[in-house]
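Here's the structure, in structure tokens; my notes come after.
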């Protein structure tokens, strides 16, 4: 079957670095995406990895290892506004343009 | 980036009635997706809406309950029919936008928070 696993909750301190992991099991992997969702808001795109390695966008980086079916989102210099839920999602060839979503990780940032 | 306008943003409805949610994209997109999300939970795909053809529904969702229209490449509607309190949720429309690598970016409308009494 198709599934993604990510921690339900992560707590970190303002200014610190946090890593949110995502492992996936799909029948036809195409790429791993990350989305951020603030309470009461819609998900917004953060990053996408189709190939192994690290993609960096400002304070956020995303990593993919296709051989390990594993990826992570790295958030640096945490700010209070980064408090949100983070979803990993996999585009599966057999689901044709659909994204398979993880359950989401709630990131709590303490001052 | 793409802009997706969704309305209404919220509504409170009586059971047995229907609500139509509208979604307008600022550019032409091939597929639009309708999701449902309960507070604190992940997104559940309701259906994929293609222009000129019937929507494709996911397991557990049927056309009679969630009819979808897709009259052109920039607009879609989702109707929640014969509502019950179990339909209370946030409904989101979305679309992939862009070419190549950027095509992996899914844009969302602002969502419709539906409460059924």
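Chains as they are written, first to last, in our numbering: chain A, 8 to 118; chain B, 292 to 408.
Heads up, the beta-carbon is just placed ideally off N, CA and C, and yes, glycines get one too.
Have a look at residue i and residue j and give me their C-alpha separation to the nearest angstrom.
| i | j | result |
| --- | --- | --- |
| residue 256 of chain B | residue 18 of chain A | Because chain B here runs from 292 to 408, residue 256 of chain B falls outside it and cannot be looked at. |
| residue 31 of chain A | residue 38 of chain A | 11 Å |
| residue 118 of chain A | residue 86 of chain A | 9 Å |
| residue 400 of chain B | residue 387 of chain B | 12 Å |
| residue 36 of chain A | residue 384 of chain B | 24 Å |
| residue 73 of chain A | residue 49 of chain A | 28 Å |
| residue 80 of chain A | residue 340 of chain B | 30 Å |
| residue 47 of chain A | residue 113 of chain A | 13 Å |
| residue 67 of chain A | residue 77 of chain A | 17 Å |
| residue 43 of chain A | residue 106 of chain A | 15 Å |
| residue 62 of chain A | residue 69 of chain A | 5 Å |
| residue 331 of chain B | residue 345 of chain B | 31 Å |
| residue 295 of chain B | residue 60 of chain A | 31 Å |
Applying the 10 Å Cβ sphere with the 16-neighbour rule, what's the burial state of residue i?
| i | result |
| --- | --- |
| residue 363 of chain B | exposed |
| residue 4 of chain A | Not covered by the structure: residue 4 of chain A. The range shown for chain A is 8 to 118. |
| residue 75 of chain A | exposed |
| residue 20 of chain A | exposed |
| residue 396 of chain B | buried |
| residue 306 of chain B | exposed |
| residue 338 of chain B | buried |
| residue 98 of chain A | buried |
| residue 22 of chain A | exposed |
| residue 353 of chain B | exposed |
| residue 11 of chain A | buried |
Going by DSSP, which residues form a beta bridge with residue i?
| i | result |
| --- | --- |
| residue 54 of chain A | A:41 |
| residue 64 of chain A | A:67 |
| residue 387 of chain B | B:397 |
| residue 406 of chain B | B:303 |
| residue 349 of chain B | Paired residues: none, contrary to the question. |
| residue 322 of chain B | B:341 |
| residue 381 of chain B | B:328 and B:404 |
| residue 32 of chain A | A:10 |
| residue 48 of chain A | Answer by DSSP bridge pairing: none, since residue 48 of chain A is not bridged. |
Would residue i and residue j be called neighbours here (beta carbons separated by less than 8 Å)?
| i | j | result |
| --- | --- | --- |
| residue 355 of chain B | residue 372 of chain B | yes |
| residue 91 of chain A | residue 40 of chain A | no |
| residue 9 of chain A | residue 34 of chain A | yes |
| residue 314 of chain B | residue 360 of chain B | no |
| residue 365 of chain B | residue 297 of chain B | no |
| residue 111 of chain A | residue 93 of chain A | yes |
| residue 349 of chain B | residue 336 of chain B | yes |
| residue 334 of chain B | residue 342 of chain B | no |
| residue 408 of chain B | residue 303 of chain B | yes |
Could you please give the first and the last residue of the uninterrupted beta strand (DSSP E) stretch that includes residue i?
| i | result |
| --- | --- |
| residue 113 of chain A | 112-117 |
| residue 294 of chain B | From DSSP, residue 294 of chain B is part of no beta strand (DSSP E); its letter is neither H nor E. |
| residue 367 of chain B | 366-371 |
| residue 85 of chain A | Here residue 85 of chain A belongs to no beta strand (DSSP E), and DSSP marks it neither H nor E. |
| residue 360 of chain B | 359-363 |
| residue 23 of chain A | Here residue 23 of chain A belongs to no beta strand (DSSP E), and DSSP marks it neither H nor E. |
| residue 100 of chain A | Run containing residue 100 of chain A: none; DSSP gives neither H nor E here. |
| residue 312 of chain B | 310-316 |
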